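K.L.:
Protein chains: 2
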Amino acid sequence: MAEILKGAPAAKALNAETLQRVQDLRASGVVPKLAILRVGERPDDVAYETAAMKRCASLEIEVQRVLLPTDCGQDELLSAIDALNRDESVHGVLMFRPLPKHLDENAACERLHPSKDVDGITSGSMAKVYSGVGAGFAPCTAQAVLELLRHYEIPLQGKRVAVIGRSLVIGRPAAMLLMGENATVTLCHSKTENLSEITRSADVVVAALGKAETIGADDLRAGQTVVDVGISFSEEKQCLVGDVDFDAASQIVAALSPVPGGVGSLTTAILASHVAQSAEQSE
Amino acid sequence: MAEILKGAPAAKALNAETLQRVQDLRASGVVPKLAILRVGERPDDVAYETAAMKRCASLEIEVQRVLLPTDCGQDELLSAIDALNRDESVHGVLMFRPLPKHLDENAACERLHPSKDVDGITSGSMAKVYSGVGAGFAPCTAQAVLELLRHYEIPLQGKRVAVIGRSLVIGRPAAMLLMGENATVTLCHSKTENLSEITRSADVVVAALGKAETIGADDLRAGQTVVDVGISFSEEKQCLVGDVDFDAASQIVAALSPVPGGVGSLTTAILASHVAQSAEQSE
Numbered sequence: 001m002a003e004i005l006k007g008a009p010a011a012k013a014l015n016a017e018t019l020q021r022v023q024d025l026r027a028s029g030v031v032p033k034l035a036i037l038r039v040g041e042r043p044d045d046v047a048y049e050t051a052a053m054k055r056c057a058s059l060e061i062e063v064q065r066v067l068l069p070t071d072c073g074q075d076e077l078l079s080a081i082d083a084l085n086r087d088e089s090v091h092g093v094l095m096f097r098p099l100p101k102h103l104d105e106n107a108a109c110e111r112l113h114p115s116k117d118v119d120g121i122t123s124g125s126m127a128k129v130y131s132g133v134g135a136g137f138a139p140c141t142a143q144a145v146l147e148l149l150r151h152y153e154i155p156l157q158g159k160r161v162a163v164i165g166r167s168l169v170i171g172r173p174a175a176m177l178l179m180g181e182n183a184t185v186t187l188c189h190s191k192t193e194n195l196s197e198i199t200r201s202a203d204v205v206v207a208a209l210g211k212a213e214t215i216g217a218d219d220l221r222a223g224q225t226v227v228d229v230g231i232s233f234s235e236e237k238q239c240l241v242g243d244v245d246f247d248a249a250s251q252i253v254a255a256l257s258p259v260p261g262g263v264g265s266l267t268t269a270i271l272a273s274h275v276a277q278s279a280e281q282s283e
Numbered sequence: 284m285a286e287i288l289k290g291a292p293a294a295k296a297l298n299a300e301t302l303q304r305v306q307d308l309r310a311s312g313v314v315p316k317l318a319i320l321r322v323g324e325r326p327d328d329v330a331y332e333t334a335a336m337k338r339c340a341s342l343e344i345e346v347q348r349v350l351l352p353t354d355c356g357q358d359e360l361l362s363a364i365d366a367l368n369r370d371e372s373v374h375g376v377l378m379f380r381p382l383p384k385h386l387d388e389n390a391a392c393e394r395l396h397p398s399k400d401v402d403g404i405t406s407g408s409m410a411k412v413y414s415g416v417g418a419g420f421a422p423c424t425a426q427a428v429l430e431l432l433r434h435y436e437i438p439l440q441g442k443r444v445a446v447i448g449r450s451l452v453i454g455r456p457a458a459m460l461l462m463g464e465n466a467t468v469t470l471c472h473s474k475t476e477n478l479s480e481i482t483r484s485a486d487v488v489v490a491a492l493g494k495a496e497t498i499g500a501d502d503l504r505a506g507q508t509v510v511d512v513g514i515s516f517s518e519e520k521q522c523l524v525g526d527v528d529f530d531a532a533s534q535i536v537a538a539l540s541p542v543p544g545g546v547g548s549l550t551t552a553i554l555a556s557h558v559a560q561s562a563e564q565s566e
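Chains as they are written, first to last, in our numbering: chain A, 1 to 283; chain B, 284 to 566.
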């Protein structure tokens, strides 16, 4: 039976570190502050906002919400971003996406200054993740994959990692971050042939396809670590499931992150740590 | 005996395409122009400049040289870049690197507008290569790897590619471009364990380690395509050699690019095509 890589203990450890950093910042006169920019009232956004606000409150990070109506104009949105860029008391900005369709999301992302881009949505942050140089942050979920592996001391240097999924939110940035830890990363995607062969030859498998319970017994072998980033609602089971068939995988591999309760439990902790880092860099 | 993937025929085909594009641009009143910004008189820079000027002349692309002395100041350099950014008649800028040590190379790169960054040195170009979105270009050598494979109609979709070397000039951008062609890419580097196993399981191997004749018989198998991006001077052989042991590899694999006369023969053709593309985008 696989070791279960729960997110909560990793989040708890990271939060303790972040709280210390925030208290040090406050002692030197800097109050870390996250701005949340939300257009409309999408339930997913509101739910994550509530979780992020609770996390920040527990870590003594201030939160400022900027709420715009669903029918807000592009100019109104850009003005709000400009104001947050200018406001030196704001260290990080979380802008929920997707934006309503009438808005130019790409232009909005690009307006944000990369130094405040704590969820990695600007091209500046992308260049940072890709090159290792410059201002910006990785997307929180991609960073959460790394943090989970770090917490459970899974070796990465020189090891083979298969990342399944090449999105800009998870797959691609996770691949670059893992390479930054000197892993040998294979980036797999919907056009990959012989996926099972590739995943079976990896030491670590990161599943971020966004397809429920797709990675199963045939794709895995003994000794592996599997991080499941997927999250879907199973009509059949009436519960949340990941991209990995948990019951099958847990009989085979050495370590496996659950869904829910795995990577997802770490995202607000990562967000808070990014705000602290941004505040430190602003000093 | 392997098919030899010579660069010259691929360059010739690409140059014919570029010439047509340039002539179409000129017919519509746009004269494509490359600016070459060179600080000092490094022999490598001067040699490449001569080749680039000759290539551009043959393709009816204008070239403007901006030559600064080795002891030029940072302000002088940045002013020169600003002037090229402002000049609407300039469509691409090639700035030679490394710059003399007293200059801030990163700041100079970032000053250039990504839309004129025809050799992919700005963070904007890096974000473009990584994300597929935005302004900018891939570094010419990385693009040359793709062009060589395209010219010889080597299948990439769904195929396994091992890229050896993770530099920002070749390995990383080549990996992203190959993924853009739906290849499944493994990015290998100095910390990779069991490199031979990985390269042998690939359909295409791109060698960009920068270590003379390092990839040999043990790393390769029948049926593969090998692109050799390395270029070193062998004291023993008194000639230029690649990262691949050509004599050994050519007995094993299906197709192999030579050094010299492979990827390197394509870089000025790629540079010229980027200038034409930038001029088209400026219309």
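Every residue gets a Cβ at the ideal spot worked out from N, C-alpha and C, and that includes glycine. Predicted, not measured: the structure shown is a model, and the values here were computed from it.
(1) What are the boundary residues of the beta strand (DSSP E) that S234 (chain A) is part of?
(2) Can you give the Cα-Cα distance for V93 (chain A) and C56 (chain A), rounded to whole angstroms?
(3) Out of curiosity, what's the CA-to-CA distance linking A310 (chain B) and A334 (chain B)?
(4) Using only the alpha-carbon positions, how far apart do P397 (chain B) and E388 (chain B) sit?
(5) Under 7 Å, CB to CB, which of the residues in the segment 328-350 of chain B have a partner in chain A?
(6) Taking only three categories from DSSP, how would you classify D307 (chain B)?
(7) In the structure shown, what three-state DSSP assignment does T469 (chain B) receive?
(8) Helix, strand or coil for T497 (chain B) per DSSP?
(9) Give me the chain B residues within the contact set of S123 (chain A), using Cβ-Cβ distance strictly less than 8 Å, ordered along the chain.
(10) G375 (chain B) lies in the beta strand (DSSP E); which residues open and close that run?
(11) Report yes if the C-beta distance between D526 (chain B) and A495 (chain B) is below 8 Å; otherwise report no.
(12) With the cut-off set at 8 Å, would you say A293 (chain B) and L431 (chain B) are in Cβ contact?
(13) Counting pairs of Cβ atoms below 8 Å between the segment 399-408 of chain B and the segment 361-378 of chain B, do you hit three or more?
(14) So, with DSSP's three-state summary, where would you put I344 (chain B)?
(15) When the distance is taken between beta carbons, is K6 (chain A) closer than 8 Å to P260 (chain A)?
(16) Our contact map puts S123 (chain A) next to G415 (chain B) with C-beta atoms below 8 Å; I'd like the distance itself, whole angstroms only.
(17) Listing by chain order, which chain B residues have their CB less than 7 Å from the CB of Q284 (chain A)?
(18) In chain B, what lies closer than 8 Å to M179 (chain A) by C-beta?
(19) Kindly indicate the opening and closing residues of the alpha helix (DSSP H) around T577 (chain B).
(20) Just checking my contact of A208 (chain A) with A2 (chain A) at CB under 8 Å: how many whole Å lie between their CB atoms?
(21) What did DSSP end up calling V241 (chain A) once you bin it into helix, strand or coil?
(22) Per DSSP, which residues does R338 (chain B) bridge with? Please list them.
(23) Which residue wins for smallest C-alpha separation from G73 (chain A), given the options A:L99, A:G180, A:A249 and A:F233?
(24) Between K316 (chain B) and E49 (chain A), what straight-line distance do the alpha-carbon atoms span, to the nearest angstrom?
(25) What separation, rounded to the nearest whole angstrom, lies between the Cα atoms of P572 (chain B) and G120 (chain A)?
(26) Is it buried or exposed for F420 (chain B), if we count other Cβ within 10 angstroms and need 16 for buried?
(27) Could you give the first and the last residue of the continuous alpha helix (DSSP H) run that contains V39 (chain A)?
(28) Using C-beta distances below 6 Å, list every residue in its chain close to V412 (chain B), excluding the 5 sequence neighbours before and after it, in chain order.
(29) Alpha helix (DSSP H) containing D551 (chain B): first to last residue?
(30) Confirm, please, whether the CB-CB distance from A144 (chain A) to G134 (chain A) is below 8 Å.
(31) Consult DSSP for T18 (chain A) and reduce its assignment to one of helix, strand or coil.
(32) Please name the residues in the segment 379-393 of chain B whose beta-carbon is closer than 9 Å to at least one beta-carbon of chain A, in chain order.
(33) Considering just the uninterrupted stretch of the alpha helix (DSSP H) at D247 (chain A), what are its terminal residues?
(34) According to DSSP, is R483 (chain B) part of a helix, a strand, or is it coil?
(35) Which of the three DSSP states is assigned to T225 (chain A) in this structure?
(36) At 7 Å on the CB atoms, spell out the chain B contacts of I231 (chain A), in chain order.
P.N.:
Once the coordinates are examined:
(1) Sequence index remark: in the first sequence, residue 234 (chain A) carries index 234 (1-based). Start and end: S232 to S234.
(2) As a position in the first sequence, residue 93 (chain A) is number 93, starting the count at 1. As a position in the first sequence, residue 56 (chain A) is number 56, starting the count at 1. Cα-Cα distance, rounded: 13 Å.
(3) For the purposes of this step, residue 310 (chain B) is taken as residue 27 along the second sequence, with counting starting at 1. For the purposes of this step, residue 334 (chain B) is taken as residue 51 along the second sequence, with counting starting at 1. Their Cα atoms are separated by approximately 26 Å.
(4) Residue numbering aside, residue 397 (chain B) sits at position 114 when the second sequence is read from its first letter. Residue numbering aside, residue 388 (chain B) sits at position 105 when the second sequence is read from its first letter. Approximately 16 Å, taken between the alpha carbons.
(5) none
(6) As a working mapping, residue 307 (chain B) is identified with position 24 in the second sequence. Reduced to three states, the DSSP call for D307 (chain B) is helix.
(7) By 1-based counting over the second sequence, the position of residue 469 (chain B) is 186. Under the three-state reduction of DSSP output, T469 (chain B) falls in the strand class.
(8) Against the second sequence, residue 497 (chain B) aligns to sequence position 214. Here T497 (chain B) sits in coil by DSSP.
(9) Locating residue 123 (chain A) in the first sequence gives position 123, counting from the first residue. Correct list: S406, G407, A410, K411, S414, V416 and G417.
(10) If you number the second sequence from 1, residue 375 (chain B) lands on position 92. Going by DSSP, G375 (chain B) is part of the beta strand (DSSP E) stretching over G375 to M378.
(11) Looking up residue 526 (chain B) in the second sequence gives position 243. Looking up residue 495 (chain B) in the second sequence gives position 212. Cβ distance < 8 Å, so D526 (chain B) and A495 (chain B) count as in contact.
(12) Here residue 293 (chain B) corresponds to residue number 10 of the second sequence, with the count starting at 1. Here residue 431 (chain B) corresponds to residue number 148 of the second sequence, with the count starting at 1. Yes, the pair counts as a contact, with Cβ atoms nearer than the cut-off.
(13) Touching, per the Cβ criterion.
(14) Walking along the second sequence from the start, residue 344 (chain B) turns up at place 61. I344 (chain B) falls in the coil class under three-state DSSP.
(15) Locating residue 260 (chain A) in the first sequence gives position 260, where the first residue counts as 1. Locating residue 6 (chain A) in the first sequence gives position 6, where the first residue counts as 1. Their beta carbons are not under 8 Å apart, which means P260 (chain A) does not touch K6 (chain A) by this criterion.
(16) By one-based count along the first sequence, residue 123 (chain A) stands at place 123. By one-based count along the second sequence, residue 415 (chain B) stands at place 132. Actually they are not in contact, since the Cβ atoms of S123 (chain A) and G415 (chain B) sit about 11 Å apart, beyond 8 Å.
(17) This structure gives no information on residue 284 (chain A), because the portion of chain A shown stretches from 1 to 283.
(18) Start at 1 with the first residue of the first sequence, and residue 179 (chain A) comes out as number 179. Near M179 (chain A) (Cβ distances below 8 Å), the residues of chain B are R449, L470 and H472.
(19) Outside the displayed span of chain B (284 to 566) sits residue 577 (chain B), for which this structure offers no information.
(20) Position 208 of the first sequence holds residue 208 (chain A). Position 2 of the first sequence holds residue 2 (chain A). Contact flag wrong, Cβ pair sits at about 19 Å.
(21) As a position in the first sequence, residue 241 (chain A) is number 241, starting the count at 1. Judged by DSSP in its simplified three-state form, V241 (chain A) adopts strand.
(22) Start at 1 with the first residue of the second sequence, and residue 338 (chain B) comes out as number 55. Per DSSP, none; premise fails for R338 (chain B).
(23) In the first sequence, residue 73 (chain A) corresponds to position 73, counting from 1. With distances taken between Cα atoms, G73 (chain A) lies closest to A:L99.
(24) Sequence index remark: in the second sequence, residue 316 (chain B) carries index 33 (1-based). Sequence index remark: in the first sequence, residue 49 (chain A) carries index 49 (1-based). Approximately 50 Å, taken between the alpha carbons.
(25) Summary: the structure shown does not reach residue 572 (chain B), with chain B confined to residues 284 through 566, and so no result is reported for it.
(26) Counting from 1 along the second sequence, the entry for residue 420 (chain B) is found at position 137. Buried, because 16 or more other Cβ atoms sit within 10 Å of the Cβ of F420 (chain B).
(27) Counted from its first residue, the first sequence places residue 39 (chain A) at position 39. Unbroken run through V39 (chain A) is the beta strand (DSSP E), K33 to V39; no alpha helix (DSSP H).
(28) The count along the second sequence starts at 1 and reaches residue 412 (chain B) at position 129. A421, P456 and M459.
(29) Numbered from its first residue, the second sequence carries residue 551 (chain B) at position 268. According to the sequence provided, residue 551 (chain B) is Thr. The question's Asp does not apply to it. Unbroken alpha helix (DSSP H) run through T551 (chain B): T550 to S565.
(30) The sequence position of residue 134 (chain A) within the first sequence is 134, counting from 1. The sequence position of residue 144 (chain A) within the first sequence is 144, counting from 1. G134 (chain A) places its beta carbon 8 Å or farther from that of A144 (chain A).
(31) Residue mapping note: residue 18 (chain A) aligns to position 18 of the first sequence, counting from 1. In the structure shown, T18 (chain A) sits in a helix (DSSP, three-state: H, G or I).
(32) Contact annotation: in the segment 379-393 of chain B, residues whose CB is within less than 9 Å of a CB in chain A are N389 and E393.
(33) In the first sequence, the residue the question calls residue 247 (chain A) occupies position 247. F246 to S250 is the extent of the alpha helix (DSSP H) around D247 (chain A).
(34) Counting from 1 along the second sequence, the entry for residue 483 (chain B) is found at position 200. Of the three classes helix, strand and coil, the one that applies to R483 (chain B) here is helix, per DSSP.
(35) Within the first sequence, the letter at position 225 stands for residue 225 (chain A). Three-state result, T225 (chain A): strand.
(36) If you number the first sequence from 1, residue 231 (chain A) lands on position 231. Neighbours of I231 (chain A) on chain B: none; closest Cβ ~23 Å, over 7 Å.
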